[in-house]
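Line by line, the protein sequences are chains A and B. Residue numbering for the first sequence follows our numbering, starting at 2 and increasing by one per position. Residue numbering for the second sequence follows our numbering, starting at 2 and increasing by one per position. Here's the structure, in structure tokens; my notes come after.
Protein chains: 2
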Amino acid sequence: MTDKEKMRLEQRARLLKSLAHPSRLLIIEMLERKPCCVGELREAIGADITTVSKHLAVLKRAGLVRDTKHGTYSEYELLCGCVTHFVDCIEDGKEKDYLERRSLRPGE
Amino acid sequence: MTDKEKMRLEQRARLLKSLAHPSRLLIIEMLERKPCCVGELREAIGADITTVSKHLAVLKRAGLVRDTKHGTYSEYELLCGCVTHFVDCIEDGKEKDYLERRSLRPGE
DNA sequence: GACATTGTTGGCTGCTACGCCAATAATACT
DNA sequence: AGTATTATTGGCGTAGCAGCCAACAATGTC
Numbered sequence: 002m003t004d005k006e007k008m009r010l011e012q013r014a015r016l017l018k019s020l021a022h023p024s025r026l027l028i029i030e031m032l033e034r035k036p037c038c039v040g041e042l043r044e045a046i047g048a049d050i051t052t053v054s055k056h057l058a059v060l061k062r063a064g065l066v067r068d069t070k071h072g073t074y075s076e077y078e079l080l081c082g083c084v085t086h087f088v089d090c091i092e093d094g095k096e097k098d099y100l101e102r103r104s105l106r107p108g109e
Numbered sequence: 002m003t004d005k006e007k008m009r010l011e012q013r014a015r016l017l018k019s020l021a022h023p024s025r026l027l028i029i030e031m032l033e034r035k036p037c038c039v040g041e042l043r044e045a046i047g048a049d050i051t052t053v054s055k056h057l058a059v060l061k062r063a064g065l066v067r068d069t070k071h072g073t074y075s076e077y078e079l080l081c082g083c084v085t086h087f088v089d090c091i092e093d094g095k096e097k098d099y100l101e102r103r104s105l106r107p108g109e
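Below is the structure:
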């Protein structure tokens, strides 16, 4: 494996890791509906606001959200529209795709 | 948030976590081409075979792969066809989707 | 200016993940 | 039977992550 390949995989793993937390998934789903400030997200998540702020920092570092200041508020908005949809696809597809691919190899 | 909602998010997070490692992503990509035994994967990854075996156990627990014994070999195959595609979309989409959604709100 | 509101950052603790080694299991080969 | 091959499991040390508290920064309100 080349260094470039390795870096590509590491980059992808970082992206997925940034999504791989229940609170961050909830944040993403809420931001898919509309931009939110930290307090709104905190309320939905039910954790300390510092924790939520750090989750948002993770998503920001991954390039998935961005924030804009409005007075004392920070409004966060999503930069990627296809996150939830594709997790749906993986979940739905696990069995279905397997069966489809089996049916393409009737010799087995 | 209901308990059911919470469990759904935790389940999704577990799924994403199982993908969020460079070696496991490489495994997925190799299995998208063809089923492989542990030794083949080990060679591509360049880690100890016990490490690879444990990565495969993670993917198996997540329901993404399954194994079949052939003599002393374990052949692993993918149970989900849309994994890599999913990450492609997120990576490609981060900027594009953002611009598209901006263009739908010309009032800003 | 003093105080309240909203967020962020640093620090600490506890938990989990990762990677290797050693040991074991299961099968193939002679 | 004895040895080799392939893979899995348990254990250990290390590293990174999550969550809370305390402290701080920035803005708005009186």
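Note that the Cβ used here is the ideal one computed from N, Cα and C, for glycine as well.
Interface partners of Met2 of chain A on chain B, CB under 9 Å: As a first step, residue 2 of chain A must be located in the first sequence, where it is residue number 1. Going along chain B in sequence order, the residues near Met2 of chain A (Cβ under 9 Å) are Leu27, Ala45, Ile46, Gly47.
query: Which residues in chain A sit within 9 Å of Leu32 of chain B, going by Cβ to Cβ distance?
result: Within the second sequence, the letter at position 31 stands for residue 32 of chain B. Here the premise fails: no neighbours, minimum Cβ distance about 11 Å.
task: Whole angstroms is fine: what's the gap from Arg9 of chain A's alpha carbon to Leu17 of chain B's?
output: As a working note, residue 9 of chain A is residue 8 in the first sequence. As a working note, residue 17 of chain B is residue 16 in the second sequence. Cα to Cα, Arg9 of chain A sits roughly 17 Å from Leu17 of chain B.
message: Using only the alpha-carbon positions, how far apart do Arg13 of chain B and Glu30 of chain A sit?
response: Position 12 of the second sequence holds residue 13 of chain B. Position 29 of the first sequence holds residue 30 of chain A. Their backbone Cα atoms lie some 12 Å apart in a straight line.
- prompt: Between which two residues does the alpha helix (DSSP H) harbouring Leu32 of chain A extend?
  reply: By one-based count along the first sequence, residue 32 of chain A stands at place 31. First-last of the alpha helix (DSSP H) with Leu32 of chain A: 23-34.
field: Own chain, CB closer than 7 Å to Lys75 of chain A, minus 5 neighbours either side, in chain order
entry: Translated into the one-based positions of the first sequence, residue 75 of chain A becomes position 74. At residue 75 of chain A the sequence reads Ser, which differs from the Lys that was named. Cys38, Val39, Asp68.
query: What does a CB cutoff of less than 7 Å around Leu27 of chain A pick up in its chain, not counting 5 residues either side in sequence?
result: Within the first sequence, residue 27 of chain A is the residue found at index 26, counting from 1. Closer than 7 Å at the Cβ level, and outside the excluded window around Leu27 of chain A, lie Ala45, Ile46.
- request: Compute the Euclidean distance between the alpha carbons of Lys55 of chain A and Arg25 of chain A, then round it to the nearest angstrom.
  value: One-based indexing of the first sequence puts residue 55 of chain A at position 54. One-based indexing of the first sequence puts residue 25 of chain A at position 24. Each residue's Cα considered, the two are about 10 Å apart.
- prompt: From A:Leu32, A:Glu6, A:Leu42, pick the residue whose C-alpha is nearest to that of Thr85 of chain A; which is it?
  reply: Residue 85 of chain A sits at position 84 when you count from the first residue of the first sequence. Answer by Cα proximity: A:Leu32.
field: With 16 other Cβ atoms within 10 Å as the buried cut-off, status of Arg43 of chain A
entry: The count along the first sequence starts at 1 and reaches residue 43 of chain A at position 42. Answer is buried; the Cβ neighbour count reaches 16.
Short CB-CB distance (under 8 Å) between Lys55 of chain B and chain A: Taking the first residue of the second sequence as 1, we reach residue 55 of chain B at position 54. Answer no: the Cβ-Cβ gap between Lys55 of chain B and chain A never drops below 8 Å.
task: Put Met2 of chain A into one of helix, strand or coil per three-state DSSP.
output: Taking the first residue of the first sequence as 1, we reach residue 2 of chain A at position 1. Residue state, collapsed to three classes: coil.
message: In the DSSP assignment, the alpha helix (DSSP H) including Leu42 of chain B goes from what residue to what residue?
response: On the second sequence, position 41 is the one that residue 42 of chain B refers to. That run of the alpha helix (DSSP H) goes 39-46.
Where Leu65 of chain B falls: helix, strand or coil (DSSP): Within the second sequence, residue 65 of chain B is the residue found at index 64, counting from 1. In the structure shown, Leu65 of chain B sits in coil (DSSP, three-state: anything other than H, G, I, E or B).
field: Spatial distance of Glu6 of chain A from Leu79 of chain A (CA atoms)
entry: In the first sequence, residue 6 of chain A corresponds to position 5, counting from 1. In the first sequence, residue 79 of chain A corresponds to position 78, counting from 1. Approximately 28 Å between the Cα atoms of the pair.
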